[in-house]
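Student: Sequences listed follow chains A and B, in order. Going by the numbering used here, the first residue of the first sequence is number 8, and it counts up by one from there. Going by the numbering used here, the first residue of the second sequence is number 2, and it counts up by one from there. Even glycine gets a Cβ: it sits at the ideal position worked out from N, Cα and C. Predicted model only: the values in this text are computed from it and were never measured. One structure, pasted below without further comment.
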Amino acid sequence: MKNKNIFDILENAEYDSMERLIDKCPLISNKQLDKIYVMSEKKFKKKKKELERTKKDNNKKMSGNYAVDGVERSRRPVWFTTLSTAASIILIAGVAIGSTIMIRGNKNNITPDTPLLPAVTASTIKATGTTNTVSSDKNGTNILTTFTTASETMNSTAITTTVIAVEVITEASSDNEFIKPFVGKWTYQISDINNLNIESTIVNKGIVDIRSDATYTYTDGSGNVSTGKIQKAIEKIGSSELLKLVFSGDSFVSSDSYIFHSAYYTDIKPDELHFGNGYASRIVRGELTLNAQSNMSGWKTAYKNYLEAIREGSEYTSQLMWDLCDLDNDGTPELLISNGEYHAARVNYYHYYEPDGTTMFGCDSNGMIVDFGEYGEIMSCKEEGLIGWSNTHMGYNYTIMYKFTDRGLVKLQSTINNLGNVPNEEAEYKVNDESVSKDEHNKALELFNSKNWINAGRRYSFEDLSALN
Amino acid sequence: MTSRELAVMMKKSPVTCHKALVKEYGRYVYAIVYNKLRGCGTNEDIEECVSDVFADIFMKCEFDLSSENDIKYLIAIIAKRKAIDNFRRLTAKANYTADTDEDDMKELVSDFSVDEHVERSELRRVLLDKIDELGEPDSTILIQKFYYSRNSTEIAQSVSMTAVAVRQRCARAMDKLRAKLVEIGMTV
């Protein structure tokens with residue numbers, strides 16, 4: 008289907024064209040207007056505050072004699088000097104003692120006979136560390152991601168400097184407060200078309216049990232259990248901060264094709280944590296019934312979505328019709344879309360591609376997209392996996408027959424004669440585009456006619472998708 | 002609505018004034034912003050930009066309401082400029098700086114083509130004329146479906162028809178439009 012939108016030309020319209028487009032602008036719902044109003048009001052208040060602050064700053068003037076005017080005079084408290092002196096002494100003493108201990112420690116360890124040990128062996132340290140990562144998204148916006156490791160047991164031996172070891176130990180603490188609001192059972196859901204807003208596409212894949220020690224257990228529909236840890240992370244985008252939980256381990260987050268490990272939290276939907284861009288997968292609070300989507304419902308959903316997409320597209324005409332027919336006799340029907348009822352109207356066939364849950368074009372053995380039939384219909388002999396059609400047109404009688412194979416569709420045979428144009432004795436007969444005798448032609452024709460053909464292609468209109476419910 | 006009228010409303014209640022502005026000009030601003038950001042922004046980007054426009058308008062109301070003119074044109078200008086700013090922000094690629102000398106500078110020409118601009122403007126006018134020739138509600142259905150990317154159900158609500166009827170009319174109207182465009186030599 009061609010999807011070129013001629014209406015794209017209307018972008019960047021001048022004033023007169025713009026006026027015409029404004030007249031036809033759809034009405035904006037009150038809900039949407041309220042949302043815009045709230046956002047505007049918030050931004051307005053921020054701007055106003057900034058403006059007032061700037062005005063206030065501008066009121067501070069410098070006189071001609073370089074005397075500062077309007078500056079507040081401040082006095083340090085008396086105790087401040089004593090306190091800062093004492094703090095300085097403690098700090099200097101700490102640095103000196105610490106350095107001495109470290110130098111002595113190194114002297115004892117480094118001997119010609121003893122191997123060099125790592126400065127830090129963090130195998131038993133439970134530490135909280137903070138890592139800042141600055142990355143760039145597709146719009147060029149810088150994203151600052153802050154990872155806070157909660158109760159992380161470091162099993163590996165890290166060879167690093169003593170200074171870093173001191174830092175880690177200093178920050179070591181166990182803080183699982185962030186997980187408290189999320190403790191409990193959640194259901195992991197995915198949408199087979201990456202759109203969780205369409206409920207019919209949601210599949211409940213498994214149960215996630217989040218515990219107060221920031222660990223989780225995932226049990227899938229088949230009873231397989233996996234565990235992992237959860238970290239808290241804050242993602243800063245512009246002025247807003249997003250809280251997200253990072254699920255570690257090779258569990259539900261990586262068992263599907265959705266490899267996002269971070270589940271985002273928003274105040275608007277406190278009982279949902281969305282992975283990735285928010286429409287492909289999520290966990291929802293509570294233990295829902297698992298429903299691994301069967302192949303049966305999978306193709307129905309995929310075909311239905313595909314037909315709806317065509318129906319909403321610019322190429323849709325009321326002449327289009329569709330049908331279901333198990334052309335290859337594999338138990339899953341193929342989707343047929345018929346272009347019309349006129350002579351040259353063809354039928355495109357599509358099949359359900361299970362790994363992706365999508366609708367795929369039917370191809371021949373060369374990988375080319377194929378269309379079949381005449382007058383918008385084809386003939387199917389599903390017992391033998393055959394597609395064909397026959398017709399008489401402008402004095403020619405012809406038949407064509409294809410077979411489904413592992414490599415795609417392969418042409419089996421075609422017959423043609425011109426008995427409608429010339430007397431019988433002058434007629435030409437062809438099988439597979441080669442001239443043959445009448446008997447050979449009739450034999451091939453009998454083979455075609457012996458099949459148990461049924462017509463398919465134009466059973467349903469695009470307004471009636473009930474067969475896919 | 003004039004600036005003076007707004008000033009009177011602002012004196013009574015700024016909040017009511019702001020709400021009235023959003024209600025009165027929300028669709029107008031949305032259409033202008035949509036026209037600029039349609040190709041590069043999401044619905045959220047468009048809403049964000051619309052709210053930026055209104056924040057600027059509120060600022061204007063707060064500090065400068067001296068004009069007697071209809072504020073519609075002021076709003077249009079603010080909306081257009083804000084949308085262009087947002088367009089640049091959304092389409093900005095990574096900053097790239099390159100050294101060049103005067104000889105190379107001669108070879109750097111603007112990618113703005115006057116011919117192309119005029120031609121595009123004319124095509125836009127012709128397309129809108131042909132759409133208008135289809136009459137109502139077909140013209141509204143086509144614009145809302147293919148320009149504003151509304152689905153049949155949403156359009157059905159605004160033209161008081163059923164979604165099925167909208168789809169049928171849309172398909173027929175599109176066929177008619179294609180025929181009209183082919184008549185004048187526009188390939189679709």
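Using a beta-carbon distance cut-off of less than 8 Å, what residues from the region 18 to 49 of chain B approach chain A?
Tutor: So the close ones are 19, 20, 23, 24, 27, 28, 29, 31, 32, 33, 35, 36, 37, 39, 40, 48, 49.
Student: Starting from the C-beta of residue 36 (chain B), find all residues in its chain whose C-beta is less than 8 Å away, skip the five residues before and the five after it, and write them out in chain order.
Tutor: Cβ within range, chain order: 84.
Student: Can you give the Cα-Cα distance for residue 177 (chain A) and residue 244 (chain A), rounded to whole angstroms?
Tutor: Because the pLDDT of residue 177 (chain A) is 35, which lies under 50, any placement of that residue in the model is unreliable, and the number read from its coordinates should be weighed accordingly. If I take the Cα positions, the gap works out to 30 Å.
Student: Taking Cβ positions, are residue 142 (chain B) and residue 115 (chain B) nearer each other than 9 Å?
Tutor: No.
Student: Hey, quick one: how far does the beta strand (DSSP E) through residue 332 (chain A) stretch, first residue to last?
Tutor: Where residue 332 (chain A) is concerned, the enclosing beta strand (DSSP E) stretches over 328 to 332.
Student: Identify the contact partners of residue 16 (chain A) in chain B, using a Cβ-Cβ distance below 9 Å as the criterion.
Tutor: Result: 121, 124, 125, 128.
Student: Can you tell me where the beta strand (DSSP E) holding residue 412 (chain A) begins and where it ends?
Tutor: Start and end: 403 to 412.
Student: Taking one C-beta from the region 461 to 472 of chain A and one from the region 32 to 51 of chain B each time, how about it: are there three or more such pairs within less than 8 Å?
Tutor: Taking 8 Å as the limit for Cβ pairs, the verdict is that the region 32 to 51 of chain B does not touch the region 461 to 472 of chain A.
Student: Give the straight-line distance between the Cα atoms of residue 13 (chain A) and residue 326 (chain A), rounded to the nearest whole angstrom.
Tutor: Straight-line Cα distance between these residues: approximately 22 Å.
Student: Listing by chain order, which chain A residues have their CB less than 7 Å from the CB of residue 141 (chain B)?
Tutor: The contacting residues are 31.
Student: Given this structure, state the Cα-to-Cα distance separating residue 175 (chain A) from residue 224 (chain A), to the nearest angstrom.
Tutor: Unreliable placement is indicated for residue 175 (chain A), whose pLDDT of 33 sits below 50; the coordinate value is still reported in the next sentence. So the two alpha carbons sit approximately 28 Å from each other.
Student: I'd like to know if residue 272 (chain A) contacts chain B, where contact means its C-beta is closer than 9 Å to some C-beta of that chain.
Tutor: Judged by the 9 Å Cβ criterion, residue 272 (chain A) is not in contact with chain B.
Student: What in chain A is Cβ-close to residue 87 (chain B), meaning under 7 Å?
Tutor: Residues of chain A passing the Cβ test: none, with the nearest at roughly 11 Å.
Student: Comparing C-alpha positions only, which one of B:171, B:28, B:187 sits nearest to residue 321 (chain A)?
Tutor: Checking every option, the nearest Cα to that of residue 321 (chain A) belongs to B:171.
Student: So if I threshold CB-CB distances at 7 Å, which residues from the region 48 to 68 of chain A count as touching chain B?
Tutor: For the region 48 to 68 of chain A, which is checked against every Cβ of chain B, the residues closer than 7 Å are 48, 50, 51, 54, 55.
Student: How big is the Cα-Cα spacing for residue 270 (chain A) and residue 316 (chain A)?
Tutor: Taking the straight line from one Cα to the other gives about 29 Å.
Student: Mind listing the chain A neighbours of residue 82 (chain B)? Cutoff is C-beta to C-beta under 9 Å, in chain order.
Tutor: By Cβ distance, chain A contributes nothing, its closest Cβ being about 14 Å from residue 82 (chain B), past 9 Å.
Student: Buried or exposed, going by whether 16 or more other CB atoms sit within 10 Å of the CB of residue 194 (chain A)?
Tutor: It is buried - the Cβ of residue 194 (chain A) has at least 16 other Cβ atoms within 10 Å.
Student: Quick check on DSSP: helix, strand or coil for residue 391 (chain A)?
Tutor: Residue state, collapsed to three classes: coil.
Student: Got a sec? Which residues, its chain only, sit under 7 Å from residue 411 (chain A) by beta carbon, not counting five neighbours each side?
Tutor: Same-chain partners within the cutoff: 334, 335, 392.
Student: Secondary structure at residue 25 (chain A), three-state DSSP: helix, strand or coil?
Tutor: DSSP places residue 25 (chain A) in helix when its eight states are reduced to three.
Student: Compare the C-beta of residue 317 (chain A) against all C-beta atoms of chain C and say whether one is closer than 9 Å.
Tutor: No chain C appears in this structure, whose protein chains are A and B.
Student: Tell me residue 163 (chain B)'s beta-bridge partners as DSSP assigns them.
Tutor: In DSSP, residue 163 (chain B) forms no bridge with anything.
Student: How about residue 48 (chain B) and residue 42 (chain A): do their beta carbons lie closer than 9 Å?
Tutor: The answer is yes: Cβ separation under 9 Å.
Student: For residue 314 (chain A) versus residue 342 (chain A), is the C-beta distance shorter than 9 Å?
Tutor: Taking 9 Å as the Cβ cut-off, residue 314 (chain A) and residue 342 (chain A) qualify as a contacting pair.
Student: Could one say the Cβ of residue 321 (chain A) lies closer than 9 Å to chain B's Cβ atoms, at least one of them?
Tutor: Residue 321 (chain A) counts as touching chain B.
Student: Spatial neighbours of residue 340 (chain A) within its chain, please: CB distance less than 7 Å, with the 5 preceding and 5 following residues excluded, ordered by chain position.
Tutor: For residue 340 (chain A), where only same-chain residues beyond five positions count, the Cβ hits under 7 Å are 331, 332, 333.
Student: Could you tell me which whole alpha helix (DSSP H) segments of length 4 or greater appear in the region 131 to 182 of chain B?
Tutor: Correct list: 139 to 143, 153 to 160.
Student: DSSP has residue 238 (chain A) in a bridge; who is on the other side?
Tutor: Its beta-bridge partners are A:253.
Student: Report the three-state DSSP secondary structure of residue 277 (chain A) (helix, strand or coil).
Tutor: Three-state result, residue 277 (chain A): strand.
Student: For chain B, check one thing: does any of its Cβ atoms lie closer than 9 Å to the Cβ of residue 27 (chain A)?
Tutor: True, the Cβ-Cβ gap to chain B drops below 9 Å.
Student: Output the distance between the C-alpha atoms of residue 247 (chain A) and residue 101 (chain A), rounded to the nearest integer angstrom.
Tutor: In a straight line, the C-alpha of residue 247 (chain A) is about 40 Å away from that of residue 101 (chain A).
Student: Around the Cβ of residue 349 (chain A), are there at least 16 other Cβ atoms within 10 angstroms (buried) or fewer (exposed)?
Tutor: Exposed, since its Cβ has fewer than 16 Cβ neighbours within 10 Å.
Student: Can you list, in chain order, the residues of its chain with a C-beta nearer than 6 Å to that of residue 290 (chain A)? Leave out the 5 residues immediately preceding and following it.
Tutor: The residues are 193, 195, 215, 280.
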